[in-house]
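Notes follow the structure.
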Amino acid sequence: MTQLDRIRNFSIVAHIDHGKSTLADRLIQLTGTVAERDMKEQLLDAMDIERERGITIKANTVRIDYPAKDGHTYVLNLIDTPGHVDFAYEVSRSMRAVEGSLLVVDASQGVEAQTLANVYTAIEADHEIVPVLNKVDLPAAEPDRVREQIEDVIGIDASEALEISAKSGLGIPEVLEAIVTRLPPPKGDRDAPLKAMLVDSWYDPYLGVVVLIRVMDGVVRKGDRIRMMQTGATYGIDKLAVLKPAMVDIAELGPGEIGVLTASIKQVRDTRVGDTITHEKKGCTTALPGFKPSVPVVFCGLFPVDSNDFENLRGAIEKLALNDASFTYEMESSAALGFGFRCGFLGLLHLEVVRDRLEREYDIDLITTAPSVVYHVHMRDGSMVELHNPADLPDLTHVGHIEEPRIRATILVPDEFLGDVLKLCQDRRGIQSDLTYAGSRAMVVYDLPLNEVVFDFYDRLKSVTKGYASFDYEITGYREDKLVKMQILVNDEPVDALSMMVHRDRAEGRGRAMCEKLKELIPRHMFKIPIQAAIGGKVIARETLAALRKDVTAKCYGGDVTRKKKLLEKQKAGKKKMRQFGKVEIPQAAFISALKMDG
């Protein structure tokens with residue numbers, strides 16, 4: 145049983161690549177939490193894809209015992225959080241479980257967009273924040289400039305910021321001392337009824353669902369009967385442990401402590417993150433303020449390239465959903481692509497990560513349809529329908545208006561690229577709401593439609609700024625706009641996988657680009673094929689794919705021209721008949737390329 149004033153719970157927040165996971169490695173190594181032979185880089189990033197992309201996706205936890213200079217041994221609970229926008233909900237829930245944060249800023253790059261987003265999350269959670277300047281051993285490091293920047297942009301005192309190099313281990317002992325001296329201990333009452341917060345849960349093939357909890361009040365012991373306050377389900381605890389990254393069994397967890405429990409829970413769906421756990425009999429009466437459940441914002445269809453793989457895909461998606469409560473899916477079928485799933489994600493990176501995991505861990509080749517967002521379709525009779533797939537848009541005679549989701553995007557960009565960024569945002573129907581300067585960098589805040597961002601906005605932003613811009617967004621709400629559904633017709637047949645929602649003013653350009661692209665991708669047939677983009681019954685763009693034809697006039701040499709005409713007319717009639725009955729085969733590769741189209 146650890147005394148409250150000997151516990152420190154903290155998280156590390158930073159922009160991508162500023163060295164969170166490396167700092168966590170050094171803290172673990174210096175305190176001897178993990179034996180030297182088991183140490184490896186990015187110890188807390190367990191998934192292959194995290195190690196490969198060098199990003200943290202799941203928040204991870206470790207308990208460190210640290211003998212401080214004052215002679216006492218402290219228990220430090222560290223939660224390593226992701227820095228990426230898409231996983232911001234992982235950050236927000238990790239923050240609620242701890243009392244302080246180490247703010248890591250790269251001493252050469254300074255404050256970036258997601259540094260801001262994550263710090264504000266920490267300030268909202270009422271954290272004590274210790275600024276840490278990482279990578280001070282690099283030749284390009286400017287610790288004094290970055291200190292000023294932290295004070296100007298974020299508004300927290302950086303005069304006592306620690307200067308470290310997480311890679312070489314410089315300044316790490318000072319970080320450990322600062323955690324003990326500058327971060328507050330947790331509060332809690334040992335004698336009160338049990339109140340614990342469910343921070344995270346994941347699926348383990350041997351133990352079932354493993355639940356990460358932070359005890360606020362009371363004590364939880366092995367063998368207790370517990371109740372989830374949101375779902376009302378009750379379980380008996382089989383195992384209690386603390387993570388030193390590996391599980392170490394423990395008899396009880398008291399207030400302020402962070403640990404894991406297993407209780408024969410079958411599905412991660414049954415454990416709602418942010419739920420309050422209490423005793424079944426003498427439980428607490430009021431629940432902790434919960435999290436808002438993560439809501440998927442980007443939808444796309446996942447189809448197997450080989451339709452025989454559908455059952456494998458279903459199994460793989462079900463297994464992934466066991467572990468990722470923010471990923472939603474439902475079955476759908478498409479005339480062009482066969483059976484598949486309509487899946488919801490938190491953002492494009494989340495989509496990429498899930499797709500990569502399906503392809504890699506389950507060995508399935510996938511086709512991903514164009515990502516779309518959720519539209520609110522307000523009907524004439526006053527009801528509202530959520531539209532996930534543009535192909536399902538109801539008949540327009542019954543539709544009053546359509547609303548699309550808008551985001552507030554914060555972009556930090558060096559001065560010389562500002563013009564390009566403003567032009568890009570204006571092209572994407574953005575409305576500028578703020579422009580301020582932090583040193584030589586501009587901070588632009590734009591109100592943008594999410595629809596324009598999910599397509600390829602991030603890639604374009606990186607290319608016009610040579611990779612120097614950083615970008616962060618949050619969803620603000622829905623707004624009405626002139627939105628229409630654009631269909632692509634090939635040989636007068638609509639191709640459902642290629643229909644999309646576009647703004648009326650942009651429809652013509654988008655349609656023309658799509659038709660030109662398909663003209664290059666679809667192989668020629670024996671008859672000519674019209675490729676059209678249409679809104680309702682009105683065709684807005686058209687390309688014609690010429691027919692393959694035999695030279696029927698080759699045997700005519702000299703003589704009257706009517707002989708040639710007769711043969712050509714005969715051929716023309718045959719082609720016309722063929723076009724009526726002919727089926728156009730669109731190869732799978734053409735779909736994939738058309739869906740990757742650059743606006």
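Numbering follows the working numbering, in which position 53 of the sequence shown is assigned residue number 197; successive positions increment by one, without gaps. Ideal Cβ positions, reconstructed from N, Cα and C, are used throughout, including at glycine.
- Cβ-Cβ separation between P593 and R650: approximately 11 Å, too far for a contact (criterion under 8 Å).
- Annotation for E503: D509 and L510 place their beta carbon closer than 8 Å to its own, counting only its chain and skipping 5 residues before and after.
- A Cβ-Cβ separation of about 4 Å places A251 in contact with A285 under the 8 Å criterion.
- Per the Cβ contact rule, the stretch 522–532 is not in contact with the stretch 450–459 (fewer than 3 Cβ pairs under 8 Å).
- Annotated as proximal: A377 and D414, with beta-carbon spacing under 8 Å.
- The residue among P448, M373, I675 and R573 with its C-alpha nearest the C-alpha of A553 is R573.
- In this structure, K567 is the residue among K567, G621 and D625 with its C-alpha nearest to the C-alpha of R604.
- Assignment of R573 by DSSP, reduced to helix, strand and coil, places it in the coil class.
- Put simply, the stretch 622–632 touches the stretch 644–659. At least three CB pairs are less than 8 Å apart.
- Excluding the 5 residues flanking it on each side, E272 has same chain C-beta neighbours closer than 6 Å at G244, L327 and P328, in chain order.
- Partner residues in the beta bridge of G445, as assigned by DSSP, are R486.
- Relative to L432, the option among I267, A241 and A266 whose CA is nearest is A241.
- For G544, the enclosing beta strand (DSSP E) starts and ends at V543 to P558.
- The Cβ neighbour count for M341, taken over all protein chains shown within 10 Å, is at least 16; the residue is labelled buried.
- For R358, the secondary structure class from DSSP, reduced to helix, strand or coil, is strand.
- In the DSSP assignment, Y506 is bridged to no other residue.
- A residue is called buried once 16 or more other Cβ atoms fall within 10 Å of its Cβ, and C700, having fewer, is exposed.
- Assigned with DSSP and collapsed to three states, I666 falls in coil, not helix or strand.
- Segment contact: the stretch 488–505 against the stretch 470–477, three or more CB-CB distances shorter than 8 Å; contact assigned.
- In the structure shown, I381 adopts coil according to DSSP, grouped into three states.
- Cβ-Cβ separation between V219 and R170: approximately 18 Å, too far for a contact (criterion under 8 Å).
- Judged by DSSP secondary structure, E292 falls within the alpha helix (DSSP H) whose first and last residues are P287 to Q293.
- Counting only runs of at least 3 residues, the stretch 665–723 fully encloses the following beta strand (DSSP E) elements, listed from N- to C-terminal order: 673–679 and 682–689.
- Per the C-alpha coordinates, the member of M528, L662 and C428 positioned closest to R686 is L662.
- Counting the other CB atoms within 10 Å of its CB gives E256 a total of 16 or more, which places it among the buried residues.
- When DSSP reads this structure, Y210 sits in a beta bridge with Y218.
- Counting C-beta pairs with one atom in each stretch, the stretch 330–345 and the stretch 412–428 have three or more that are closer than 8 Å, which means they touch.
- Closest in C-alpha terms to L556, from the list Q253, L148, I172 and S165, comes Q253.
- In the structure shown, Q631 adopts extended strand secondary structure according to DSSP, grouped into three states.
- Of the other Cβ atoms in all chains shown, fewer than 16 fall within 10 Å of the Cβ of G680; this residue is therefore exposed.
- Counting along the chain, no alpha helix (DSSP H) covers I619; the unbroken beta strand (DSSP E) around it starts and ends at S614 to E624.
- Relative to the Cα of L320, the nearest Cα in the group L148, L356, F671 and T175 belongs to T175.
- Close CB contacts of D564 within its chain, under the 6 Å cut and outside five residues either way in sequence, are with V608 (chain order).
- With fewer than 16 other Cβ atoms from the protein chains shown falling within 10 Å of its own Cβ, S584 counts as exposed.
- Counting the other CB atoms within 10 Å of its CB gives L246 a total of 16 or more, which places it among the buried residues.
- Inclusion of D368 and D333 in the CB contact set at 8 Å is not warranted, their separation being larger than that value.
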